[in-house]
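Per numbering that gives the first Met the number 0, the very first residue in the sequence shown carries number 0; after that it's consecutive.
Backbone N, C-alpha and C fix where the C-beta goes; we use that ideal spot for every residue, glycine too.
First up is the structure itself, then whatever we jot down about it.
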Amino acid sequence: MDHRTRTPVVGMIGGGQLARMTHQAAIPLGQSLKVLAASPDDPAALVAPTVEVGHHTDLSALTTFAQGCDAVTFDHEHVPAEHLRALAAAGVAVHPGPDALLHAQDKLVMRRKLAELGAPVPPFAEVNEVSDALEFGARYGWPCVLKTARGGYDGKGVWVLNTPEGARRTVTELLEAGAVLMVEQRVALRRELAALVARSPFGQGGAWPLVETVQSEGICVQVLAPAPEASDALTQQAQDLALKIAEELGVVGVLAVELFETEQGLVVNELAMRPHNSGHWTIEGSRTSQFEQHLHAVLDYPLGSTTMTAPAVVMANVLGAPTEPRMSVDERMHHLFARFPHAKPHLYGKAERPGRKIGHVTLLGDHMAEVRHEAQLAAYWLAHGEWSDGYSVH
Ligand code: ADP
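Put into structure tokens, the structure is as follows:
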């Protein structure tokens, strides 16, 4: 409890953009997010007043940080499980708890558990030696997909194995470097979707509409809400699946279930147990944002309404240009609003580097194609300082 405001204190481990946006959602609830940041320049450390600087692998930093927190939650999944268990054993309300979070930390553990629950997953196998990958490829066909079980993000940690020769080379190299590997069938996917839900300790669950996550080179570039041409049956199936996973794993907080849509139906790709890039659109596009809902859930408040605020919502990531534009960010914002007064940019306070996620921009409207076009133009403009349709600023 914060003695000044008499409101609960939620502590978030990690000071990235998710913590930054969670702090923003905490303010109207009378709260102020407490943040454990790796550096005083982290996105959340720049905006939240209660910041401790420390590393998420340092148990003493975690223990000190947890003091006075009503709940401790995460901006990423990299806190070692043994540290989380130590905190939980000391009486800290860790949400999601270590047993649930393990399924977002380790893809092999996740695949095994989901298979056990009867959730649709691609065929997969653990890879301890080269022959494991070769046998898998011989059985399920090439190409197949090799992944590090732990520590990957945004497609770093994913390799397509096209041939046995290539597999031999890649697997040998990675095993020598100490990677924990798994292999899975390459899914013939039509597109990628995400089902976002939240669950409270009381057991209440809430789902947002199913969204499409548009990918380019392993990175999500746009999120379309609701997923275009998704039938009610498909949406219901995805939401039920995500709610069931949240329930079975005992998730507390937001759970994002990344899905592949195939000819045969849905397949689960990945789980994230925290606010997720596929849910940034909810800040303006839903009555309750994923950040606010995450706070509701970890504090065991009743969940908020997940109804959309417009028929079509598009979030586009702002990814750093190959070379930083000469025009300042400030000037780019100026011109963005001159052209699109309804655009909702969110800049994370990060230095611009090629391909780095430095922000996102959300547009709302009545027609998906139009909103999508505007979002694409706006995100490209913010990153590059150029209108990709040739529009002149003068
Ligand atoms: P990360 O944890 O790095 O985000 P993912 O497991 O989500 O990695 O994979 C990144 C991307 O690679 C996915 O979004 C998808 O486009 C592609 N991918 C991953 N697994 C498969 C698969 N089994 N079949 C086809 N494409 C895949």
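Limits of the alpha helix (DSSP H) - the one that residue i falls within
i              : result
isoleucine 282 : 281 to 284
histidine 293  : 289 to 297
threonine 165  : As written in the sequence, residue 165 is glycine, which differs from the threonine given in the question. 163 to 175 is the span of the alpha helix (DSSP H), which, as asked, contains glycine 165.
valine 46      : It is not in any alpha helix (DSSP H) - valine 46 carries neither H nor E in the DSSP assignment.
glutamine 371  : Contrary to the premise, residue 371 reads as arginine rather than glutamine in this sequence. Arginine 371 -> alpha helix (DSSP H) spans 367 to 383.
lysine 243     : 231 to 248
alanine 65     : 58 to 65
Simplified DSSP assignment, three categories, for residue i
i                 : result
methionine 326    : coil
leucine 265       : strand
asparagine 127    : coil
valine 213        : strand
proline 97        : helix
phenylalanine 339 : coil
arginine 273      : coil
histidine 77      : coil
alanine 228       : Per the sequence shown, residue 228 should be read as glutamate rather than alanine. DSSP places glutamate 228 in coil when its eight states are reduced to three.
glycine 389       : coil
glycine 205       : strand
glutamate 133     : The amino acid occupying residue 133 in the given sequence is leucine; glutamate does not appear at that position. Leucine 133: helix per DSSP, three-state reduction.
leucine 302       : coil
glycine 278       : helix
histidine 333     : helix
alanine 350       : coil
alanine 103       : helix
alanine 92        : coil
histidine 82      : helix
Limits of the beta strand (DSSP E) - the one that residue i falls within
i              : result
isoleucine 218 : 218 to 224
valine 50      : 49 to 52
lysine 112     : Element bounds for lysine 112: not the beta strand (DSSP E) but the alpha helix (DSSP H), 106 to 116.
glutamine 184  : 180 to 184
lysine 33      : 33 to 36
Residues bridged to residue i (per DSSP)
i              : result
tryptophan 158 : Leu145
arginine 3     : Beta-bridge pairing links arginine 3 to no other residue.
isoleucine 26  : For isoleucine 26, which the question treats as bridged, DSSP gives no partner whatsoever.
lysine 355     : Lysine is not the amino acid found at residue 355; the sequence shown has arginine there. Note: arginine 355 sits in no beta bridge, so no partner.
proline 344    : Val360
glutamate 195  : According to the sequence displayed, residue 195 carries leucine and not glutamate. For leucine 195, which the question treats as bridged, DSSP gives the partners Ala255.
valine 9       : Ala70
valine 312     : Ala224 and Leu363
valine 317     : Gly358
methionine 307 : Ser285
arginine 190   : Glu260
Near the ligand FMN: residue i beta-carbon under 7 Å from a heavy atom
i           : result
glycine 156 : With respect to small molecules bound, the structure shown includes the ligand ADP and not the ligand FMN.
Quick check: the stretch 134 to 150 against the stretch 200 to 207, are there 3 or more CB pairs under 8 Å? The stretch 134 to 150 makes no contact with the stretch 200 to 207: fewer than 3 CB pairs, one atom from each, lie closer than 8 Å.
Taking contact to mean 3 or more Cβ pairs, one atom from each stretch, closer than 8 Å, check whether the stretch 14 to 32 and the stretch 256 to 267 are in contact. Inter-segment contact for the stretch 14 to 32 and the stretch 256 to 267 is absent: fewer than three beta-carbon pairs are separated by less than 8 Å.
Segment contact, 8 Å Cβ cut-off, at least three pairs: the stretch 244 to 255 with the stretch 176 to 185: Short answer: they don't touch.
Any 3 or more C-beta pairs closer than 8 Å across the stretch 152 to 168 and the stretch 189 to 198: No: the two stretches stay apart, fewer than three of their Cβ pairs being nearer than 8 Å.
Using a Cβ distance threshold of 8 Å, determine whether the stretch 46 to 55 contacts the stretch 11 to 26, with at least three qualifying pairs required. Between the stretch 46 to 55 and the stretch 11 to 26 there are three or more C-beta pairs closer than 8 Å, enough to call the two in contact.
Taking 8 Å as the cut-off, does the stretch 69 to 85 touch the stretch 1 to 10 (at least 3 CB pairs, one atom from each stretch)? Counting Cβ pairs under 8 Å, three or more are found: they touch.
I'd like to know if the stretch 102 to 116 and the stretch 82 to 93 are in contact, where contact means that at least 3 CB-CB pairs between them fall below 8 Å. They do not touch, by the three-pair rule.
Is there contact here, the stretch 314 to 329 with the stretch 368 to 378, by at least three beta-carbon pairs under 8 Å? The stretch 314 to 329, when compared against the stretch 368 to 378, does touch it at the 8 Å Cβ threshold.
Counting pairs of Cβ atoms below 8 Å between the stretch 285 to 303 and the stretch 328 to 346, do you hit three or more? Taking 8 Å as the limit for Cβ pairs, the verdict is that the stretch 328 to 346 does not touch the stretch 285 to 303.
Between the stretch 225 to 235 and the stretch 91 to 98, are three or more C-beta pairs nearer than 8 Å? Result no; under three Cβ-Cβ pairs closer than 8 Å.
Is the stretch 59 to 66 close to the stretch 355 to 374, with three or more CB pairs under 8 Å? The stretch 59 to 66, when compared against the stretch 355 to 374, does not touch it at the 8 Å Cβ threshold.
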